[in-house]
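In our numbering, the protein residues as written are 145 to 399. For each residue, glycine too, the CB sits at the ideal point set by N, CA and C.
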Amino acid sequence: MNMFEAIFSRKSTRHFIHDKIEWDVLDDILKFVNEIPKLIDDIAVEFKLVSNIEKKQGFHGPFSVKAPYYFCISSEKKDNYLLNAGYMMQQLSLYLTRKGLGSCYVGLASPGRGLKSTMKYEYVIALAFGKPAKPLLRNSHEAKRLPEKDTVVYKEDVNADIRQIITAARLSPSGLNNQPWRFVVYKNRIHIFTRKNVLLYKMMDNNNLIDIGVMMAHFLIAAEELWIDVSISQLESLKNKPFQNNQYVLTVTIG
145 MNMFEAIFSR KSTRHFIHDK IEWDVLDDIL KFVNEIPKLI DDIAVEFKLV
195 SNIEKKQGFH GPFSVKAPYY FCISSEKKDN YLLNAGYMMQ QLSLYLTRKG
245 LGSCYVGLAS PGRGLKSTMK YEYVIALAFG KPAKPLLRNS HEAKRLPEKD
295 TVVYKEDVNA DIRQIITAAR LSPSGLNNQP WRFVVYKNRI HIFTRKNVLL
345 YKMMDNNNLI DIGVMMAHFL IAAEELWIDV SISQLESLKN KPFQNNQYVL
395 TVTIG
């Protein structure tokens with residue numbers, strides 16, 4: 145299974161076998177972490193592997209997940225650092241799937257003060273992982289996702305490869321399955337927006353940007369698999385334009 149195939153079979157794992165992972169497997173994962181591409185090159189990040197087996201170092205909050213291991217990511221606070229963190233972390237999640245391990249984001253829960261104090265930069269998010277207690281994989285049609293018409297607007301007819309990229313992007317996990325991404329699709333460019341939150345969901349604004357980063361991992365992995373050249377930019381004309389229900393994030397140019 146490669147990273148692209150993992151997109152279509154991965155599911156979030158919330159129940160784990162609390163056993164140690166063999167050191168050679170952990171070593172492979174740590175080597176992968178050191179080579180994960182960034183979305184924005186000039187943002188420094190730190191991944192921290194946390195074992196919850198010998199000493200309990202769980203996360204606090206109503207959506208915490210009890211797992212044998214966690215990966216935390218901390219980051220310099222620069223423009224788009226949340227996008228970058230989500231992008232990197234989802235690549236790790238897909239790699240864990242390839243290694244036969246389950247994972248789940250710990251989005252609205254916080255590590256303890258002691259654990260936070262050991263991080264080099266600003267804590268962003270954690271990924272719980274370990275040996276799954278339930279089946280690791282699922283068919284993509286079993287994923288609970290919004291209908292395409294609710295998240296994608298096709299302004300022009302596009303080919304099957306572009307639609308495949310959009311499908312891969314829509315399969316991304318998100319906080320509370322919020323699926324904040326919105327796509328406006330042309331033949332040679334795709335504008336990406338995040339849905340504006342209201343009331344209770346205002347607290348999820350930062351999580352939405354992490355989720356967009358997670359989605360971009362799927363997007364760019366799919367583009368690479370399908371041999372489609374893309375570039376990413378932020379258009380000033382859209383960045384400064386008010387939208388009623390959505391907020392502009394970035395544009396992907398094709399070819």
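Check	Outcome
Using DSSP bridges, identify the partner residues of Ala270.	Cys216 and Val250
Who are the Cβ neighbours of Thr112 in its own chain at under 7 Å, not counting the five residues just before and after it?	No answer is possible for residue 112: the residues shown for the chain start at 145 and end at 399.
Could you name the residues that DSSP lists as bridge partners for Thr262?	Note: Thr262 sits in no beta bridge, so no partner.
Just checking my contact of Leu370 with Asp301 at CB under 8 Å: how many whole Å lie between their CB atoms?	Incorrect: roughly 17 Å between the Cβ atoms, too far for contact.
At the level of alpha carbons, what is the spacing between Ile309 and Pro279?	26 Å
Spatial neighbours of Asn224 within its chain, please: CB distance less than 7 Å, with the 5 preceding and 5 following residues excluded, ordered by chain position.	Ile184
Would Gly246 be called buried (16 or more neighbouring beta carbons within 10 Å of its own) or exposed?	buried
Which two residues bound the contiguous beta strand (DSSP E) that contains Leu394?	Asn390 to Ile398
Can you check whether the CB of Ala270 is closer than 8 Å to the CB of Phe203?	yes
Does the beta-carbon distance from Ser318 to Asp355 come in below 8 Å?	yes
Considering only residues of the same chain and omitting the five flanking positions on each side of Lys346, which have a CB-CB separation below 6 Å?	Legend: pLDDT at Lys346 = 49, less than 50; position of this residue unreliable, value from coordinates given subsequently. Counting only Cβ-Cβ distances below 6 Å, and skipping sequence neighbours, we find nothing.
Please name the residue in Tyr392, Leu170, Ser218 and Met145 whose C-alpha comes closest to that of Val328.	Tyr392
Please state whether DSSP places Trp371 in a helix, a strand or coil.	coil
Pull up the CB-CB distance for Ala277 and Ile161, whole angstroms please, since I reckon it's below 8 Å.	5 Å
Report the start-end ranges of each beta strand (DSSP E) in the stretch 286-353 that is 3 residues or longer and not cut off at the edges.	296-298, 325-329 and 333-339
What are the boundary residues of the beta strand (DSSP E) that includes Ser237?	Where Ser237 is concerned, there is no enclosing beta strand (DSSP E), although the alpha helix (DSSP H) it sits in stretches over Tyr225 to Arg242.
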